[in-house]
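In the order they appear, the protein sequences are chains A and B.
First residue of the first sequence: 1, per our numbering; consecutive thereafter.
First residue of the second sequence: 1, per our numbering; consecutive thereafter.
Structure, as structure tokens:
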Amino acid sequence: MTETRFVGTDRYITTADLGMAVNAAITLGRPLLIKGEPGTGKTQLALEVAGALGRPIFEWHVKSTSKAQQGLYEYDAVSRLRDSQLGDPKVADIRNYILRGKLWEAFDSETQPVLLIDEIDKADIEFPNDLLREIDRMEFYVYETRELVQARHRPIIIITSNNEKELPDAFLRRCFFHYIRFPDAETMEKIVAVHYPNLKKELLAEALGAFYKVRETPGLKKKPSTSELLDWIKLLLAEDVPPEVLRSDDPKKAIPPLYGALLKNEQDVHLFEQLIFLNRRAR
Amino acid sequence: MLIRFFFDLRAAGVPVSITELLSLLQALEARVAYCSAEEFYWLARLTLVKDERHFDRFDRVFAEHFAGAERLFEKIVAQVPAEWLQMMAERLFTEEERAKAQALGSWDKLLETLRERLKEQKERHSGGNKWIGTGGTSPFGSGGYNPEGIRIGDQGQRQRRAVKVWEAREYRNFDDRRELGTRNLKMALRRLRKFARQGAADELDLDGTIDATARNAGWLDLKLRPERRNAVKVLLLLDVGGSMDDHIRLCEELFSAARSEFKHLEHFYFHNFIYETLWKDNRRRHAEKSATFDLLRTFNSDYRVIFVGDAAMSPYEILQPGGSVEHWNAEAGVEWMRRFTAHFPKLIWLNPTPEEHWGWTPSISLTQDLVENRMFPLTLEGLDRAMAALRRKVLS
């Protein structure tokens, strides 16, 4: 056994409650369902947990067309048909046509792995329901070969959701649930410091100030999130913007430079510019 | 332990189940949360709440519930045995703090500080119960929250109260008979789609055939599937202007979402019961009316007619000419309903009120008779039965 408690890494700042959630999920072997605003590092969490604990990671990215079965295994009937037409001796053994899914791979891992089921809400509403037994008992049955696949080590399962659909109650009951809140200014400072350790102190302070001001703009369709802030700071650094420019008290330079990195929606940019304009007139 | 809390949560509308409570206890046993108010709070929330929309309710219950433990604790603080305080201090203070305390003076001094702190806490919290929101790391709170703290309180009383709460609760079965909401709207839609796609198995299912043949290692296995015919025409008649408006809107959304599956989907509104006029636009219901006779003439009898309404009204509104609450109707509603059932053999009534209550309202039984027992509740299971009734072949 390697490290068993997760306290964040040098690239990823966890708040105490998130660390607690991860550790509870690991200790009790429950899947951890993570929700939160986009860009708060939900997917990143699984990668960091795997990295910090030195576990292999299996990523299962769910799409709208994903079926639960694909995570277990798929029977490639078409290539078997083709092989039978060509008289390939492989045909006799059905096992040659069973393709393993992510869940099977994770079950088969030598050490306890981390399994990320990313954006589970993208799939059909039945998707989580079809995984109940697999998640509960950590086993499934391959009908074609009459084989029971059992997990060697109960994987640490981290599931992310963007709230596009509601998940069924039966599924939720089996999970722990954590909602990643948007970080407060203090945590944000730590996060930025971790990513850009050489950032000038005043630039960071000004950038954060400007960032939270943009976030507070009422009526934004998509509020800028942590990942957008990091991108923006990267741009500011690349452009070598002096910190004074960010101070939006100066009415002439009220619009933060390079705000395209923060606002991803045309309407939002428009709204923002209008608000700034109104602000300026009010002065 | 925590059972009353559990039921408080349920009463407050946080959907927690026994499984979740057990996993919380399991986690406590595994010492995931360890003698800290905050940790216990996080752990409880992590295990019991599954939707961020319920966080607020959880917080309120948590604050309220553990305020009780706090009061209970106040009584004890006065007579806290010194060794217990010491035990607590050992758990609460980190190595550093202890080292610092030793630098400060003695162990006694530390205990003194702790006692001070406890007193402060008492004063601060005696009135309000908002201390969870700020989530301070007070030792006082931790005592209140953690299992030990609770055990020191009079357990007997707690137990009794829990039992009382338990007895007071009636078992309610919400599960699959729940009325339609956003969660099961999709399922309902699927039911409707299935309903829309019908016919004999007379189209070659190419993908299915390839798949089945391959599974047979090359032996041809033909698969047929029902030909996709959007043959279903639906006439939707909705009761508006009452307590049912929410359900009506839901139904409208449901059917318009399935619109592409139907060949035709028409809707009209009525109030309480059908009489000589119906209307298409609620805002202009008095200006633009369409005569029910025209409707009967326009739509031929292969239309499926779906009424949606609670059918709860005075029986006169159905039986008497002039019984309508809104206007003078020359002919009784019952006559109009008979014309409908005669003209449209496939006709059903969806009723959003729970089926168990139907027997209590005479007008519902009356309507149920008029539509020849084809009234169904607005639940997934009711929708299933309704669609089956609409699909059924009519003997003529």
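C-beta atoms are modelled at their ideal positions from N, C-alpha and C, and glycine is treated no differently.
Straight-line gap, residue i to residue j (C-alpha atoms, nearest Å)
i	j	result
Ile125/A	Asp8/B	30 Å
Ala21/A	Leu43/B	7 Å
Tyr75/A	Glu119/A	25 Å
Pro362/B	Ile274/B	17 Å
Arg215/A	Arg154/A	40 Å
Phe55/B	Phe140/A	34 Å
Lys63/A	Lys102/A	14 Å
Gln267/A	Leu220/A	8 Å
Phe293/B	Glu276/B	7 Å
Leu265/B	Leu263/A	42 Å
Ile233/A	Lys201/A	13 Å
Ala162/B	Ile276/A	The pLDDT assigned to Ala162/B is 26, lower than 50, so where the model puts this residue is not dependable, and the model offers no usable value.
Ala25/A	Ile94/A	37 Å
Leu167/A	Phe177/A	12 Å
Pro251/A	Phe272/A	Confidence at Pro251/A is low in this model, with a pLDDT of 49, below 50, so the placement of that residue is unreliable and no value is reported for it.
Ala151/A	Ser109/A	8 Å
Tyr145/B	Lys213/A	With a pLDDT of 35 at Tyr145/B, under the threshold of 50, the modelled position of that residue is not reliable, and no figure is offered here.
Buried versus exposed call for residue i [16 or more other C-beta atoms within 10 Å across all chains shown]
i	result
Ile18/B	exposed
Tyr143/A	exposed
Gln159/B	With a pLDDT of only 28 at Gln159/B, under the threshold of 50, the placement of this residue in the model should not be trusted, and no figure is reported.
Leu24/B	buried
Val325/B	exposed
Asn265/A	exposed
Asn329/B	buried
His61/A	exposed
Asp17/A	buried
Leu238/B	buried
Val7/A	exposed
Gly359/B	exposed
Residues near residue i by beta carbon distance below 6 Å, same chain, minus five either side
i	result
Leu203/A	Pro243
Asp121/A	Ser161, Asn162, Glu164 and Lys165
Glu355/B	Pro377
Leu236/B	Phe255, His267 and Ile306
Arg100/A	Tyr73
Gln70/A	Gly101
Ala389/B	Ile348 and Arg374
Residue i in three-state terms, based on DSSP
i	result
Arg225/B	strand
Arg173/A	helix
His247/B	helix
Ile233/A	helix
Ser126/B	Low confidence applies to Ser126/B: its pLDDT is 36, below 50, so where it sits in the model is not reliable enough to give any reading.
Arg5/A	coil
Pro315/B	coil
Ala291/B	strand
Gln150/A	strand
Asn351/B	strand
Lys90/A	helix
Arg60/B	helix
Leu206/B	helix
Trp279/B	strand
Residues near residue i in its chain [Cβ-Cβ closer than 7 Å; skip 5 each side]
i	result
Ala238/A	none
Val240/B	Ile248, Tyr269, His271 and Asn282
Ser84/A	Val91
Glu170/B	In this predicted model, Glu170/B has a pLDDT of only 26, less than 50, meaning its place in the structure is not dependable; the value taken from the coordinates is given anyway. For Glu170/B, where only same-chain residues beyond five positions count, there are no Cβ hits under 7 Å.
Trp104/A	Leu72, Tyr73 and Val149
Ser227/A	Gly39
9 Å Cβ cutoff met for residue i and residue j
i	j	result
Val305/B	Cys251/B	no
Val149/A	Phe211/A	no
Pro315/B	Leu366/B	yes
Ile159/A	Leu236/A	no
Ala312/B	Gln368/B	no
Cys175/A	Arg30/A	yes
Asn129/A	Phe171/A	yes
Pro218/A	Gly39/A	no
Ala50/A	Pro89/A	no
Arg225/B	Ala77/A	no
Val49/B	Phe40/B	no
Gly36/A	Tyr196/A	no
Val269/A	Arg11/A	no
His343/B	Leu278/B	no
Contact set for residue i: own chain, Cβ-Cβ below 8 Å, skip 5 residues either direction
i	result
Thr341/B	Leu347, Leu370, Val371 and Glu372
Gly128/B	Here the model assigns Gly128/B a pLDDT of 37, short of 50, so the residue's position is not dependable, and the following value carries that caveat. Excluding sequence neighbours, Gly128/B sits near nothing in its chain.
Ile318/B	Phe273, Ala332, Gly333, Val334, Met337, Ser363, Leu366, Thr367 and Leu370
Glu288/B	Trp279, Lys280 and Asp281
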